[in-house]
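So the structure is just underneath, and the comments pick up after that.
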Ligand SMILES: [Zn+2]
């Protein structure tokens, strides 16, 4: 069992009290944190490896609560378009030519981008999910993959059965790093029978559902026409909120929806960049927080973002709602950082294992190098983490007790090859979709 010591570091615990411990030591045995606290009070620990320095700020690995990792191959392929032509003329024709191998390589590209920037766990929904999950297992990252289920594709019931079988098969794969979800795309792409089958599958296996909900005005109108109620109330009406459900977006929600959200295990994945880029609108996140609705931050796909950078999403979450509410206290730096760590873990139902730097938790830890002009002076570490740190400032990344990034370089993954493979695959897809 490997024994790693991170010391001295400044540890941002990201717990309820949001403690920041200077001159801290973090002791890691196997895949668990066995001590976090002042280095001076640490119990004796014989480490195989020691990483530390006054410049390092340690925090729990960041969590991306909603993405479509395989879509990295579409990065920069279609920008500055309205949602409908964007989907119909560019995204779906490109995706029609995707193969399982494309998704494997696109997912690897997404993973190295996220790991390089300190994101150690993400919730994913995409096609060819088994090959996607293979990339997650091999790379060492932590992830919650799901089969995206679109009712208009051929043989939906067979696809649903496959998606449920995938959950059963991959539960706890990769030494417990893989936690599959059930992933109906949305209420407007799946009908009543599809939803009933997926809710039954999620209940039987005791796993959460993740879906898109209330992203655009048009979606809300379509769902009301199809189902007779708003997306959030429809989810409640069909029994989808009797167990945990992670809904991406929740931009268009009214008072009645908020009441449902506050009284059910619905969690929100907030995607500020994606909502900005597609001009979808502004999710009322300050109201979510007032009502204790668990909310994480997310990138959505690189087609609607175009980065998988949780630092950017945190920053936008903190800035955007100041502008929309006219209140500079609407979301604080600490609240934004909570959304990317502790609350992100709650969104995924993984709060017992990740999301804070505490004894007993799994060792998903990142070190940010604060020895930088844009992080000087160090008046307030949490403020810097949200308003000033860039993904490139991440120096070291551990997932499940394994060092995957050190000194900004990958220890096991061949980033150059992953990028070159993705480039070749993206070019082939562009040629095929013309
Ligand atoms: Zn999405």
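Residue numbers (our numbering): 31 to 464. We treat Cβ as the ideally placed atom computed from N, Cα and C, and that holds for glycine. The structure displayed is predicted, hence computed values, not measured ones.
Query                                                                                                                            : Result
CB of residue 7 within 7 Å of CB of residue 210, strictly                                                                        : What is shown of the chain runs 31 to 464, which leaves residue 7 out entirely.
Residues near residue 411 in its chain [Cβ-Cβ closer than 7 Å; skip 5 each side]                                                 : 40, 42, 50 and 87
Inside the segment 189 to 215 only - alpha helix (DSSP H) runs reaching at least 4 residues                                      : 203 to 206
Contacting residues, own chain, Cβ-Cβ under 6 Å from residue 32 (five flanking each side not counted)                            : 78
Among 68, 48, 62 and 380, nearest to residue 37 - alpha-carbon criterion                                                         : 68
Whole-number beta carbon distance between residue 244 and residue 280, since they are thought to touch under 8 Å                 : 5 Å
Residue 298 to residue 323 span [Cα, whole Å]                                                                                    : 8 Å
Spatially closest choice to residue 443 from 371, 146 and 335, by CA coordinates                                                 : 146
Near ligand 1: residue 126 beta-carbon under 6 Å from a heavy atom                                                               : no
Beta strand (DSSP E) segments (min. 3 residues) lying fully within the segment 44 to 88                                          : 50 to 59, 62 to 68 and 79 to 81
N-terminal and C-terminal residue of the alpha helix (DSSP H) that residue 267 is part of                                        : 261 to 267
Option in 330, 112 and 287 with minimal Cα separation from residue 301                                                           : 330
Backbone CA spacing between residue 132 and residue 103 [nearest angstrom]                                                       : 8 Å
Run of the beta strand (DSSP E) containing residue 33, from where it starts to where it stops                                    : 33 to 42
Separation of residue 464 from residue 385, as counted between CA atoms                                                          : 44 Å
Reference residue 54; option with closest CA among 204, 242, 273 and 388                                                         : 388
Where residue 98 falls, given that 16 or more other Cβ within 10 Å makes a residue buried                                        : buried
Whole-angstrom distance between residue 226 and residue 268, CA atom to CA atom                                                  : 8 Å
Neighbourhood of residue 402 by C-beta distance below 7 Å, restricted to the same chain and skipping five residues each side     : 423
Neighbourhood of residue 400 by C-beta, 6 Å cutoff - its chain only, sequence neighbours within 5 removed                        : 85 and 87
Chain-order list of residues whose beta-carbon lies under 8 Å from that of residue 65 (same chain, five-residue window excluded) : 55, 56, 57, 72, 73, 75 and 389
Residue 140: CB within 6 Å of a non-hydrogen atom of ligand 1                                                                    : no
Integer Cβ distance of residue 139 from residue 452, believed to fall under 8 Å                                                  : 4 Å
Three-state secondary structure (DSSP) of residue 374                                                                            : helix
Completely contained beta strand (DSSP E) runs for the segment 85 to 150, where each covers 3 or more residues                   : 86 to 90 and 92 to 97
Ligand 1 heavy atom lying under 6 Å from the CB of residue 278                                                                   : yes
Stretch-stretch touch, CB-based, cutoff 8 Å, three pairs: the segment 155 to 169 with the segment 104 to 123                     : no
C-alpha gap between residue 185 and residue 192, whole angstroms                                                                 : 11 Å
Option in 59, 310, 52 and 100 with minimal Cα separation from residue 70                                                         : 52
Option nearest residue 258 by Cα separation, candidates 282, 217 and 229                                                         : 217
CB-CB length for residue 179 against residue 228, believed under 8 Å                                                             : 7 Å
Residue ranges of each alpha helix (DSSP H) within the segment 281 to 359, 4 or longer                                           : 285 to 293, 302 to 307, 315 to 320 and 340 to 355
Inter-stretch contact (C-beta, 8 Å, three-pair minimum) for the segment 311 to 323 and the segment 283 to 299                    : yes
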